[in-house]
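Counting from 1, one number per residue, gives the positions in the sequence shown under my numbering. Note that beta-carbon positions come from the ideal geometry of N, C-alpha and C, so glycine has one too. Source: prediction; values computed, not measured. Here the structure is laid out as structure tokens; the discussion comes afterwards.
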Amino acid sequence: MEKKIIEEIQKLNTALEDYYKEFMKLSKSDWRHLLDQIGFRYKVEEMKKSSLKRISENGGILFTDASSNHYGGAYPHFATLFRGVSISTADMESYYTLSDVFIPLLEQPLTSNTEESRKKEEAKLAAIEIEVTLEALKEKSPAVLLMDGSLIRFAILQPELWEELKEIVLERGIVLAGVIEEIKTSIVYEQLPENIREKFNAFYDKEALFNQLDYKEAIEIHGMKEGKETRGMYSAFMRSSRDPSVIGVDLLEEQKEEMESVLSLILALTDENGRGIPLLLDYVDRESRITNKMIEEMLQMYLEPKFYEKLFRSQRSKRIY
């Protein structure tokens, strides 16, 4: 069995070598030259203590994240729990939390459409993240709001809630930014001139920018075609730590002049030897997580055994090995 797996991995390596052959021929200087044709590269200075103090005096920073986890067997016999958390630097002791649950069994009419179920889960997760932020904003008035992930998913999955949040931050002068660790766009590829793009197989920004920017260097791509501009958003990429990967940052189009300031703030909040994500955003991420053990214990405690055993305990969980 191991030999077969090794052979398949070796085949994968060969396929990747072939797919990225032309891509890998370019040196770092070649790539940087291409990047300069489609965007603006610049050095970002870490925000000074005086500016950080000013932010603190004007309400501080609100960090928001949400997570989900599901427990049980195959569709539809499982429960998905959602938890959103907002924490303000103005009062680190006060957490704002919201929770929700999604149980496909209770959906009417009954369906075997797992894709539809997945979309509902994504929408609920986006809703929880916006709703917990709105709860926090009832009591807090931060200078900056940092949310985990791209802002465009909110506009797509929860347009009404998104417009409500957007209206509040613009009205109150709160700078809103989405910090993206796992980049899934292909903006660089799409923006290359056609005569250059046709030389390559399609690629994503994750590999296009890997180790191409220096530490504390950012790039803003001209005329993005991936939908963010049409939804009123503006983006940049930055290498915010010694790690060769970059992060993405989304702002509202109305606040795009704040981009360099936001990037400067992110640098000040990020460990240069870490993954490139602000430490407090990582902290909120940990606080929002729902473990398998947590779900199992809650279901066992608050569901009658007849429902737990019949509907949610998977056969896999009964294995003794």
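Which residue comes first and which comes last in the beta strand (DSSP E) that contains residue i?
| i | result |
| --- | --- |
| M233 | M233 to M238 |
| A126 | Counting along the chain, A126 falls outside any beta strand (DSSP E), though it belongs to the alpha helix (DSSP H) covering T114 to E139. |
| Y96 | D91 to F102 |
Got a sec, what are the start and stop residues for the alpha helix (DSSP H) residue i sits in?
| i | result |
| --- | --- |
| R172 | P159 to R172 |
| D250 | Not the alpha helix (DSSP H): D250 falls in the beta strand (DSSP E), residues I247 to L252. |
| I187 | I187 to Q191 |
| A208 | D205 to A208 |
| I180 | No alpha helix (DSSP H) holds I180; the beta strand (DSSP E) holding it covers V175 to I180. |
| N195 | E194 to R197 |
Which term fits residue i, buried or exposed, when burial requires 16 or more other beta carbons within 10 angstroms of its beta carbon?
| i | result |
| --- | --- |
| K140 | buried |
| Q10 | exposed |
| A15 | exposed |
| R118 | exposed |
| S29 | exposed |
| E309 | exposed |
| R275 | exposed |
| Q255 | buried |
| A74 | exposed |
| H222 | exposed |
| R83 | buried |
I'd like to confirm the pairing. Which residues does DSSP put opposite residue i in its beta bridges?
| i | result |
| --- | --- |
| H70 | T80 |
| T64 | S86 and M147 |
| A218 | Y42 and M238 |
In whole angstroms, give me the CA-to-CA distance for residue i and residue j.
| i | j | result |
| --- | --- | --- |
| A155 | I6 | 43 Å |
| L12 | M24 | 16 Å |
| R197 | E190 | 8 Å |
| E45 | A202 | 33 Å |
| T216 | E93 | Residue identity differs from the one stated: residue 216 is Lys in this sequence, not Thr. Taking the straight line joining both Cα atoms gives about 31 Å. |
| Y20 | K43 | 29 Å |
| V179 | E194 | 30 Å |
| K293 | L299 | 10 Å |
How about residue i: is its C-beta nearer than 8 Å to some C-beta of chain E?
| i | result |
| --- | --- |
| G84 | Absent from the structure is chain E; it holds one protein chain and no more. |
task = Let me know the alpha helix (DSSP H) ranges lying completely inside the segment 256-299, each 4 residues or longer, listed in chain order.
result = 259-268 and 279-288
key: Completely contained alpha helix (DSSP H) runs for the segment 5-69, where each covers 4 or more residues   = 21-25, 28-38 and 49-57
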